[in-house]
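Counting along the sequence shown from 1, when you hit position 285 you're at 285 in the working numbering, and nothing is skipped either side. For each residue, glycine too, the CB sits at the ideal point set by N, CA and C. Predicted model only: the values in this text are computed from it and were never measured.
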Amino acid sequence: MILLRKILFPFAVLYGFIIAIRNFLYDKEILTSYAFDLPIIAVGNLSVGGTGKTPQIEYLIRMLSKNYTLATLSRGYKRKSEGFILANSTSTVEILGDEPFQFYSKFKNIQVAVDANRKNGIEQLLLQSQKPQIILLDDAYQHRKVKAGFYILLTSFGDLYSDDFMLPTGNLRESRSGAKRANIIIVTKCPHTLSSVSKNDIRTKLNLSVNQELYFTFIAYDNFVLGENRKINVNDIQESSKLLVAGIAKPEPFFDYLQRTNDVCLSFPDHHDFSENDILDIKKKSINRIVITTEKDYVRLQGKLTAEQLFYLPIKSQFLEEEHNFRKKILNYVGTSSRNR
1 MILLRKILFP FAVLYGFIIA IRNFLYDKEI LTSYAFDLPI IAVGNLSVGG TGKTPQIEYL
61 IRMLSKNYTL ATLSRGYKRK SEGFILANST STVEILGDEP FQFYSKFKNI QVAVDANRKN
121 GIEQLLLQSQ KPQIILLDDA YQHRKVKAGF YILLTSFGDL YSDDFMLPTG NLRESRSGAK
181 RANIIIVTKC PHTLSSVSKN DIRTKLNLSV NQELYFTFIA YDNFVLGENR KINVNDIQES
241 SKLLVAGIAK PEPFFDYLQR TNDVCLSFPD HHDFSENDIL DIKKKSINRI VITTEKDYVR
301 LQGKLTAEQL FYLPIKSQFL EEEHNFRKKI LNYVGTSSRN R
C-alpha cells in the first residue's frame, strides 16, 4: 500500500493543483460563497477521517443547546436517501447516516438535518417554523460554497496535517495552507500526560497565524458500557470474554482500552454498512460473549443483535487545559454574531 501511494505521487500533485485553483477562486470571490444572517460554526479537518469530529460536535451541542435553539447539518455520509431531510421520529440510520442518527438519538432538544448541499440545507432549516439560532456544520471545512462565521479545524496527535501530503499519496483533502481559514485548531486524541515541550513542538510544526488559537484535547472513555436495557461498569467486565467490534477510521485506542487476553476484535472500514454475512460472523464469534462496539457502530448494529448482548462504549472530547478560554471564544462569537443580526 505504501509503495502504491508513492507510485501515485503525480496524481497527488495534480489533485493538489486542482484544489488550490478552486480555493484561489473562492478566496478571490470569483466563485461565490454564501453567508447567512446567524451564527454558523463549521467543524472539520484537512485529512480523511479519524480526527474525532463527532465527539467535538457533541461537545458543542452540550455547550450551546442549553441556551440556544440549535441545529446540526451534515452530509449524511453513506445514507440511503437524497436531498434535504430533517430528522423526526420515523428517521432511521439508513435515512440519516450513522453520525446524524447518533446526534438525533442522543439530543432530543436540537434539530438534526442532512443535505449534501449545505447552502440548500441551511436555507431549508431557516424555513422551519422553529428557526435555529445557531447551526453547526458537520464535516464542512472544504464546503466553500457556504461561508461559515467560525471554523474549527481538527488534527490528530501523531497524525498532524503538517506531516501529511495530498491524496492519494497522503490523506489530505486539501493543502496544508487551508488551515489558515481556521479560527481555532484543536489537536485531538492527545495523551493525558502531554508535556509542555510536546505542545510547543506541535505549535511550531503547525505554524499558526497570529489570530489563530490552538487547543489540545483527549478522548475520555466512559466508566460504563451501555445497552438498550442496562449498563455495565467497565471494571466488572475487564476479565470477561468479549467481542469488540469497530467500524471507525482508527479503532486501535478503542481496542486498547477494552481488550484483554480472551477477547476477540473485529475491525471494519469507517462508516461500514454491516451485511448479513457480517452479522452472521459477529453472531458466530460472540457465542458466550457480550458484544461491545463504538457508539457510531451501535446505531447500525442495533436490532441486528439481541439487546441483552449488544453494548457500546460512550466517549467524550475533553480539554487538557484552557477549556474556559475555548468556551469563551465560542460564546463571544455566538453572542456578537447574534447581536449583529
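query                                                                                                                                                                : result
Would you call P269 buried or exposed, if buried means 16 or more other Cβ atoms sit within 10 Å of its Cβ?                                                          : exposed
On the CB-based measure, 16 or more other CB atoms within 10 Å of its CB, does M24 come out buried or exposed?                                                       : Sequence check: residue 24 is Phe here, not Met. The residue in question, F24, is exposed, as its Cβ has fewer than 16 Cβ neighbours within 10 Å.
Tell me the rounded alpha-carbon separation between T69 and Y298.                                                                                                    : 27 Å
Taking V187 as the reference, which of I7, P10, G52, T336 has the closest Cα?                                                                                        : G52
Starting from Q124, trace the alpha helix (DSSP H) in both directions and tell me its first and last residue.                                                        : 118-126
Round the Cβ separation of A113 and I152 to the nearest angstrom and send it over; I've been treating them as touching at under 8 Å.                                 : Not a contact, Cβ separation roughly 19 Å.
Report back the beta-carbon spacing between F216 and L320 to the nearest angstrom; my notes put them in contact at under 8 Å.                                        : 4 Å
What residue does the beta strand (DSSP E) around V264 start on, and which one ends it?                                                                              : 264-267
Just to confirm the assignment, what range does the alpha helix (DSSP H) spanning I315 have?                                                                         : First-last for I315: 315-319, but that is the beta strand (DSSP E), not the alpha helix (DSSP H).
Would you mind sorting G303 into buried or exposed? The rule is 16 or more other CB atoms within 10 Å of its CB.                                                     : exposed
Which residue's Cα is closest to the Cα of L8: R79, T32, M166?                                                                                                       : M166
Mapping the DSSP letters down to three states, classify V112 as helix, strand or coil.                                                                               : strand
With distances taken from CA atoms, which of G170, E29, A42 is nearest K6?                                                                                           : G170
Buried or exposed: G44, going by 16 or more other Cβ atoms within 10 Å of its Cβ?                                                                                    : buried
Would the beta-carbon of I248 fall within 7 Å of that of T294?                                                                                                       : yes
Between the C-alpha atoms of H324 and A42, what's the straight-line distance to the nearest angstrom?                                                                : 20 Å
By alpha-carbon positions, which one of G49, V291, R300, I2 ends up nearest to A373?                                                                                 : The structure shown does not extend to residue 373, since the chain is modelled only from 1 to 341, so the question has no answer here.
Only counting the same chain, and skipping five residues up and downstream in sequence, which positions put a Cβ closer than 7 Å to that of L172?                    : L46, S47, Y161, D164, F165, M166
Measuring CB to CB, does S337 end up less than 7 Å from Y59?                                                                                                         : no
May I ask you to report which of helix, strand or coil DSSP gives Y77?                                                                                               : coil
Should D201 be labelled buried (16 or more other beta-carbon atoms within 10 Å of its own) or exposed?                                                               : exposed
From the DSSP output, in three-state form, read off S65 for me.                                                                                                      : coil
How is V48 classed by DSSP in three states: helix, strand or coil?                                                                                                   : coil
Out of K147, I2, H192, which one is the CA nearest neighbour of P39?                                                                                                 : K147
Relative to the C-alpha of S65, which residue among E94, N88, F107 is closest?                                                                                       : F107
So Q259 packs on S286, CB below 8 Å; how close in whole Å?                                                                                                           : Between S286 and Q259 the Cβ distance is about 15 Å, and since that is not below 8 Å, they are no contact.
Just to confirm my understanding: we take R289, look at its own chain, exclude 5 residues before and 5 after, and list those with CB closer than 6 Å. What are they? : S241, K242, L243
Could you tell me the distance, in whole angstroms, from the CA atom of R118 to the CA atom of I330?                                                                 : 21 Å
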